[in-house]
Structures are given as C-alpha cells and as structure tokens.
Amino acid sequence: MKEKIIACLQLMRADRPVGTVLLACPMLWALWLAAEGKPPANIVLIFLLGAFVMRSAGCVINDFADRDIDHSVERTQSRPLTSGRISAKETLLLFVGLIVCALCLLAFLPASAILPACAAFGLSCVYPFTKRFFKIPQLVLGMAFSTAVLMAYLTIEQQLSARAWVLFVAVVLWTVVYDTYYAMVDRDDDVHLGIHSSALWFGRYDTQINAGLMLAFVLLMIAVGVMNALNGYYYLGLLLACGCLLYQFAITRGRARTACFSAFLNNQWVGVLIFLGIVLSYL
C-alpha cells in the first residue's frame with residue numbers, strides 16, 4: 052500500500068511542485084488585482100488548493116495519454132504508469148478522484164466561475180492528446196492555465212473587464228514561452244515519435260521566437276500595471292522578472308537539454324517576483 056501511495060503521489064508530480072507554482076502565480080496575480088490587494092482569505096485558499104488539484108489531475112491524464120510512448124523517452128521511462136508501478140485503471144480512478152475534489156472546491160465559488168472552470172477542465176483533458184495532431188499544443192496548455200485568470204476575476208468582480216483579458220493573453224504567452232523550453236528538452240524524442248510541439252514548429256528560430264513572445268508578455272504586463280494604477284514596487288518586480296527572462300534566453304542559445312530545463316524551472320521565479328510586486332504595490 053505504501054508503494055502504491057508513493058506511486059500515486061509521483062504520478063501527480065507532488066514531489067515536483069514547480070508546475071503548481073506556475074499555475075498558481077497567475078491565479079494570485081488576478082485575485083490581488085481584481086480585489087485591489089485584499090482578496091478574501093478563503094477564496095485565496097480555494098484557488099491554491101484548486102491549483103494543486105488541477106495540476107495533479109493534468110499530470111495524471113497526461114501520463115495516461117502518453118502511456119504508449121513514454122517508454123520510448125529516456126526522461127519518462129521511470130514514471131509510475133510507464134514502469135508498471137500503477138495500472139491504467141488505477142490511473143483513471145485517481146484522475147476521477149482529483150476531479151471530484153476539484154468539483155467540491157468549485158462549489159464554494161460563485162456560479163459565474165463555473166463556465167471558465169469547465170473550459171479549463173476541458174482544455175486540460177484535451178491538451179495531452181493535441182500533441183498528436185496540433186502543431187502548437189503549448190497554446191492549448193496556455194489557454195487552460197490562463198482560464199484561471201478569468202475564474203479569479205469572475206469570482207471577485209462578477210464580470211470580465213479589459214484588465215482581465217489583457218492579463219489572460221499575457222499568461223497565455225508566458226505559458227507558451229516556458230513550455231517551449233520544456234519541449235526543447237524532448238525535441239529529438241518528439242521527432243522520432245512524431246509528436247508535435249512549439250519547439251519543433253518554431254524550428255531553428257525557436258529561441259528568437261521565444262524572445263519575441265517574452266517581449267510581448269512584458270509589454271502586456273506593463274499594460275497591466277498601467278491599467279491597475281500599480282506603483283513602483285510592481286515595476287521593480289517586473290524588472291527583476293525580466294532579468295530572469297533574459298537569463299533564460301542567454302542559457303538556451305546553445306539548446307542544451309539541461310539548460311532548456313533550467314530555463315523552464317526558472318520561470319517559477321518570474322511568477323513569484325511579479326506576484327511580490329503586485330502585493331507590495333497594494334500595501
């Protein structure tokens with residue numbers, strides 16, 4: 052039983068929280084901006100728990116979708132489902148259990164948040180399969196992650212203003228950026244298996260296109276600051292986040308796998324620094 056529990060936790064990536072951080076940060080940005088620095092504590096807790104549960108569910112369904120190809124990729128051969136430590140049936144049961152938990156959390160949010168929550172669920176389920184036929188599956192992931200921004204605004208303001216949509220687009224771009232770095236790690240394996248990714252679609256211009264997406268993201272985040280009348284603390288946080296983005300661009304120019312993975316991981320600091328800037332701006 053202990054081994055099975057450990058396998059389930061590893062399947063949920065509970066031992067690798069970076070994905071939860073990357074999902075939670077835009078949620079927190081949106082909650083603080085929509086509530087002008089004073090989001091209800093219970094709402095913040097629900098969103099944080101939701102980030103963990105939905106990220107876990109996404110990882111579980113991703114491994115289920117990739118169960119026939121993960122054994123061919125060196126990085127994923129030791130995953131619980133691929134290595135046989137957990138069965139496909141148990142994987143689906145775990146996924147259903149996590150979705151039930153997510154629905155319980157959704158019950159504490161206003162009805163206005165239900166539609167974007169359903170959209171996020173649908174996109175999260177579809178994303179692992181889009182790698183078979185869609186050239187830029189990272190865009191689907193970006194839409195799934197960014198829907199949390201809309202949920203936050205609908206929970207606090209009960210409407211979607213221009214501020215919400217600008218932040219939504221910014222988060223889509225940021226997600227494509229960091230997941231492209233992640234895809235660059237598996238580029239050779241994806242070519243062999245016929246799997247699509249933004250890293251392959253961008254081709255030899257991958258780092259340049261990613262740099263362009265970074266610039267667009269930063270410009271949109273400046274617009275977020277202006278539209279929300281944030282002070283210098285926000286722009287300081289954004290400036291430090293820009294330093295992280297420049298660091299990522301610099302280390303990935305050679306496209307080494309370890310460097311690309313480090314760039315992916317570094318994006319959690321982008322999210323945290325921007326969040327700290329928003330929080331300090333409202334103090």
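Quick note, this note's numbering runs 51 ahead of the 1-based positions in the sequence shown. Positions of the beta carbon are idealized from the N, C-alpha and C atoms, including for glycine.
Cβ-Cβ distances below 7 Å link L287 to G328 in the same chain, with the five nearest sequence neighbours on each side left out; the list follows chain order.
The criterion of a C-beta distance shorter than 9 Å is satisfied by T142 and F115. Of the candidates F268, D230 and V269, the residue whose Cα lies closest to the Cα of F253 is D230. Secondary structure at G135: coil, using DSSP grouped into helix, strand and coil.
Residue state for G245 is assigned as coil, using DSSP reduced to three classes.
Cβ neighbours of I187 within its own chain (closer than 6 Å, five residues either side excluded): S249 and W252. Closest in alpha carbon position to D121, among P90, L149, Y256 and D241, is D241. By the criterion of at least three beta-carbon pairs nearer than 8 Å, the region 202-212 is in contact with the region 162-181. Approximately 5 Å separates the beta-carbon atoms of Y232 and C311; this is inside 8 Å, confirming the contact. By the neighbour-count criterion, in which 16 or more other beta carbons inside 10 Å mark a residue as buried, I56 falls on the exposed side. The alpha helix (DSSP H) runs of length 4 or more contained entirely in the region 172-220 are, from start to end of the chain, 188-207.
Per DSSP, Y284 is one residue of the alpha helix (DSSP H) stretching across G283 to I302. A residue is called buried once 16 or more other Cβ atoms fall within 10 Å of its Cβ, and L192 is buried on that count.
The beta-carbon distance between F159 and I97, rounded to whole angstroms, is 5 Å. This is short enough to meet the 8 Å contact definition. Relative to the Cα of M194, the nearest Cα in the group P77, I246 and Y333 belongs to P77. Leaving aside the five residues that flank V200 on each side, the residues in its chain whose CB is nearer than 8 Å to its CB run, in chain order, P77, M78, W80, A81, A215, L218, F219 and V222. For L270 against V228, the beta-carbon gap comes to about 13 Å, at or over 8 Å, which does not count as contact. Here the alpha carbon of V277 sits roughly 11 Å from the alpha carbon of G283.
P179 is positioned such that its CB atom lies closer than 9 Å to that of D117. Here P131 is buried. Its C-beta has 16 or more other C-beta atoms within 10 Å. Under the three-state reduction of DSSP output, I57 falls in the helix class.
F300 sits close to A262, with the two beta carbons spaced by under 9 Å.
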